[in-house]
Amino acid sequence: MDMSEGTAPPALEGPLWTRWFVVSVCTLALMAAAAPFIAFSAFNVLSVEATTPIDWVPLQFAPRQAYQEFVKEFESGDVVVVSWPGCELGSPGLTRLVEAVSGDKSPRNQQGLPWFEGVATGSTVLDRLIEPPLSLNRETAVERLTGLLVGPDGKTTLAVIGFTPEGLADRKHAVAWIRNTIRQTAMIDNDAVHMAGPVVDNVSVDVASNDSLDTYAAPGALLILLLTWWSLKSFWYACLVFVVSLWCVGLAFATMYLCGDRMNPVLIVMPVLVLALGVSGGIHLANYLVESLAAGGRRGAATRAVRLGWLPCLLSAGTTAIGLASLVVSELEPIRAFGFHASIAVMATLFTLFLVLPGVFERWPITDRRLQAHQDAAAGSGHGDGFTKGFASFCIRFAPAIVAAFFLSMVVAGMGVPGIRTSVRIDTLFPPTSRVISDYRWIEEHIGPLVPIEVVLDFSKDSPVPPAERLELLERVADRLAETAGASTVMSAALFMPDTPEGSGPLASARRRVVARKLERSLVAIDDMKYIRNHDDGQLWRATARISALREVDYGDLLDQVRTDIAPIIDEAGGAARGISVACTGIMPLVHAIQNTLLSDLFSSFVSACVLITVVIMWVERGVFAGLVAMISNVFPMILMFGFLGWTRTPLDIGSVMTGSIALGMAIDGTLHFLTFYRRSIDSGLEPAAAVNAAFEHCAAATTESTLVCALGILVFSLSSFAPTSRFSWMLALLMMAALAGDLVLLPAMLVGPLGRCFKRRRTS
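Counting with this note's numbering, you get residues 29 to 793 for the letters of the sequence shown.
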């Protein structure tokens with residue numbers, strides 16, 4: 029049986045069941061036996077479980093605990109904000125929606141528990157303002173609500189629908205029910221319904237992630253198979269390497285199942301990444317097998333190949349696994365899960381390939397143009413193809429200029445690294461043309477901003493500040509908050525209170541006393557509006573400003589400015605001496621903390637991977653300086669990419685943050701294979717230039733092909749509508765291509781120059 033398109037060599041002399049062939053058959057049998065459990069695990073973990081940035085951090089994360097306290101005291105942010113053309117104050121369609129959501133026939137789960145816990149609209153709040161006890165005239169009431177629940181035209185409004193835990197558990201169907209109900213009650217098309225809010229974000233991530241997995245996983249895998257066929261020149265060996273790698277992807281699903289993890293929007297690229305990395309390792313191993321066959325014939329080819337390739341393959345897979353495992357230091361759960369499961373799968377792929385491929389190759393070797401090229405090289409009839417030889421000569425001839433150009437680009441790019449910033453805003457999760465971003469834009473243009481900034485005044489139980497003064501202080505804080513945040517209106521208890529009379533004299537004082545008594549009665553009446561809360565240690569008064577979800581805002585700077593601007597007002601009112609304290613709370617400080625965590629994770633995981641991989645290279649090359657020089661070509665892509673992102677102030681998301689450590693682990697692959705052959709040539713007595721030529725001859729093609737397999741296989745996901753997946757894909761593909769340039773351009777140029785002196789000839793016995 030010939031497993032390639034070429035002519036088979038003479039039949040193997042000796043027994044058919046060689047030691048390596050027995051190992052291969054036994055391994056394949058064990059893989060087949062484990063296949064049902066792997067399929068079961070994949071079935072249980074492959075449905076994407078949506079997560080939001082809040083879910084990424086652990087429960088003990090301090091900002092998350094603070095947010096949970098805020099939710100406990102006031103209200104959950106699990107809402108849907110919905111509006112449409114014609115959604116106006118008092119419109120029949122809006123009234124019917126409120127009745128459908130909050131009436132006896134509102135949707136419920138199988139246990140009879142409701143999906144929704146309430147609905148607020150501009151109309152319902154307007155009625156509260158114009159009815160006793162406040163009795164505002166309609167014009168004044170509408171003015172108070174403009175920018176919050178009513179649009180600039182004084183008519184367009186929206187509905188805010190709160191979700192119960194039962195509704196959140198089935199949020200996809202709940203959001204679809206809202207959309208269909210509006211279509212029926214308002215007599216409009218689905219496309220005219222505009223929805224926003226955290227629940228909609230969740231559902232949109234659900235849909236985009238599942239669509240990406242369903243749409244691009246199979247084409248990505250098929251492309252990897254075709255590229256493997258192109259590289260190995262044998263369809264059957266391409267299938268063998270592909271199946272082994274695919275089995276190890278299934279092994280990753282099994283570890284996820286055993287650990288209780290589910291596929292999430294961050295993990296959807298992991299299967300194709302592991303598949304590409306496995307195939308890449310298979311290409312290198314096949315290269316060693318073909319070389320051994322060309323150099324020494326069929327008998328013992330597997331043993332010779334394993335002796336030749338086990339160390340560079342183990343080191344390249346090990347360093348890739350280190351790059352992935354370094355993500356485990358992250359505080360964010362999706363990043364930790366990605367690094368943990370992918371690193372296990374990568375190492376499993378290496379061991380499985382070494383157990384399967386040599387025995388099969390020894391029985392049915394590849395016989396094609398690849399073998400002929402190795403035979404020509406072994407016979408001394410050539411030094412690789414003309415392009416490879418010419419490219420190697422170019423790198424050797426212009427080595428000083430190449431090194432200078434690469435180093436200069438790293439210096440310039442490195443100056444931009446301090447400008448790196450991160451973001452988890454909604455506009456970093458979806459492209460500008462997506463439905464969810466278009467809906468946010470429509471609602472903010474026709475009604476007002478949607479992202480809340482929460483300020484809470486805390487009056488202790490023994491605070492002597494009377495309600496009227498508390499209201500006055502709240503109004504001053506709200507005015508300053510609106511000014512700092514650029515908000516037209518601030519939602520607070522003051523919105524539902526009568527204006528405090530100004531002026532002096534007996535008449536003004538009498539009016540203020542009347543308002544104070546009215547205020548005392550109103551405190552209980554507005555409690556259900558969730559802007560004043562009594563607790564065991566005192567009373568909380570809340571003010572909410574809103575900024576655009578699509579506006580470029582540094583949340584950290586904004587929060588600092590709010591705290592700075594409000595502090596003097598609190599101090600002037602007596603501060604802690606009168607039992608008054610203030611805090612910026614709500615979702616924004618949590619989002620800011622998550623963004624900071626993303627940034628720290630980027631550096632901590634990259635530094636961890638860099639240190640560990642550098643130590644490995646130093647050990648392999650038996651020298652500190654040799655290890656450092658070898659690492660230059662591997663950190664070059666990361667400095668270039670992240671420096672560019674820093675210069676352009678392009679925000680990094682959760683997908684982008686992972687690419688640095690992963691790419692570093694993958695970049696070292698080509699470096700190790702190149703240095704393995706370079707070092708062997710140096711130790712055999714060749715000069716650096718000749719050793720570089722020999723290294724090019726042996727591994728340039730395999731390195732290029734394996735890089736293309738990984739880069740192009742991952743690049744398929746760049747078409748995803750889920751922005752973190754798309755950015756992860758194209759950034760990782762670019763980093764891998766830059767790493768190829770580092771391995772086959774910068775590294776050879778350094779080796780033939782002064783830096784190459786670190787790689788001294790080692791004594792051989």
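Quick reminder that beta carbons are idealized off the backbone N, C-alpha and C, glycines included.
| said: Less than 8 Å between the beta carbons of valine 307 and threonine 347, yes or no? | reply: no
| field | Neighbour-count burial assignment, cysteine 638, 16 or more Cβ in a 10 Å radius | value | buried
| request: Using 7 Å as the cut-off, classify the Cβ of valine 479 as near or not near the heavy atoms of the ligand SAM, replying yes or no. | output: The ligand SAM is not part of the structure shown, which contains no ligands of any sort.
| said: With the cut-off set at 8 Å, would you say isoleucine 66 and phenylalanine 281 are in Cβ contact? | reply: yes
| C-beta contact flag for serine 259 and threonine 377 at 8 Å | no
| field | Beta-carbon gap between valine 357 and serine 632 smaller than 8 Å | value | yes
| Where DSSP assigns a beta bridge to methionine 519, which residues make up the other side? | Thr572
| said: Quick check: what's the CA-CA separation for glycine 688 versus glutamate 127? | reply: 52 Å
| field | Through-space distance from glutamate 482 to threonine 613, alpha-carbon basis | value | 5 Å
| For glycine 514, which residues of its own chain have a beta-carbon under 8 Å away from its beta-carbon, when the five flanking residues on both sides are left out? | Ile575
| On the three-state DSSP scale, how would you describe phenylalanine 191? | strand
| request: Locate the alpha helix (DSSP H) running through alanine 420, then write down its first and last residues. | output: 414–425
| Segment contact, 8 Å Cβ cut-off, at least three pairs: the segment 665–675 with the segment 329–343 | no
| query | Can you tell me where the beta strand (DSSP E) with arginine 92 in it begins and where it stops? | reply | Run containing arginine 92: none in the beta strand (DSSP E); it sits in the alpha helix (DSSP H), 90–101.
| request: Let me know the secondary structure DSSP gives serine 636 once reduced to three states. | output: helix
| said: Does tryptophan 569 pass the burial test, meaning 16 or more other C-beta atoms within 10 Å, or should it be called exposed? | reply: buried
| Roughly how many angstroms separate the alpha carbons of valine 384 and alanine 658, rounded to a whole number? | 31 Å
| task | Given a cut-off of 8 Å, decide if valine 188 and valine 109 are closer than it, judged by their beta-carbon atoms. | result | yes
| query | With a Cβ-Cβ cutoff of 8 Å, do serine 709 and alanine 722 count as a contact? | reply | yes
| How is the alpha helix (DSSP H) around aspartate 490 delimited, first residue to last? | Aspartate 490 -> no alpha helix (DSSP H), and no H or E assigned at all.
| task | Would you tell me roughly how many angstroms separate the C-alpha atoms of threonine 798 and threonine 461, rounded to the nearest one? | result | The shown model of the chain, from 29 to 793, leaves out residue 798, and the question about it has no answer.
| Three-pair Cβ contact test at 8 Å for the segment 139–159 versus the segment 490–502 | no
| Looking at the structure shown, is threonine 735 part of a helix, part of a strand, or coil, going by DSSP? | helix
| query | Around the Cβ of leucine 141, are there at least 16 other Cβ atoms within 10 angstroms (buried) or fewer (exposed)? | reply | exposed
| query | Which term fits serine 218, buried or exposed, when burial requires 16 or more other beta carbons within 10 angstroms of its beta carbon? | reply | The residue you asked about is not serine; residue 218 is asparagine in the sequence shown. Exposed, by the Cβ-count rule.
| request: Provide the residue(s) that pair with valine 685 in DSSP beta bridges, ordered along the chain. | output: Valine 685 pairs with nothing; no bridge assigned.
| message | Suppose you measure from the CA of glycine 408 to the CA of methionine 284; what does that come to, to the nearest Å? | response | Note that glycine 408 scores a pLDDT of 46, beneath 50, so its modelled location is shaky; the value from the coordinates is reported in the next line. Going by the C-alpha atoms only, they are around 50 Å apart.
| task | Just tell me which of Gly566, Asp585, Thr699, Leu578 has its CA closest to the CA of serine 609. | result | Gly566
| task | On a CA-only basis, which of Phe524, Val464, Gly442, Tyr559 is nearest valine 484? Give me that one, please. | result | Tyr559
| Assigned secondary structure, alanine 786 (DSSP; H/G/I helix, E/B strand, else coil) | Alanine is not the amino acid found at residue 786; the sequence shown has cysteine there. Looking at cysteine 786 - three-state DSSP - the assignment turns out to be helix.
| query | With contact counted as at least three CB pairs below 8 Å, one residue from each stretch, are the segment 110–129 and the segment 202–213 in contact? | reply | yes
| DSSP state of cysteine 612, grouped into three classes? | strand
| query | Considering only residues of the same chain and omitting the five flanking positions on each side of alanine 777, which have a CB-CB separation below 7 Å? | reply | Cys423, Ala427, Ile430, Val431
| Exposure of arginine 335, with buried meaning 16 or more beta-carbon neighbours within 10 Å | exposed
| message | Taking the alpha carbon of proline 226 as the reference point, which residue from Ile465, Thr642, Ile660 has its own alpha carbon closest? | response | Ile465
| field | Assumed close pair alanine 739, alanine 761 - CB separation to whole angstroms, cut-off 8 Å | value | 4 Å
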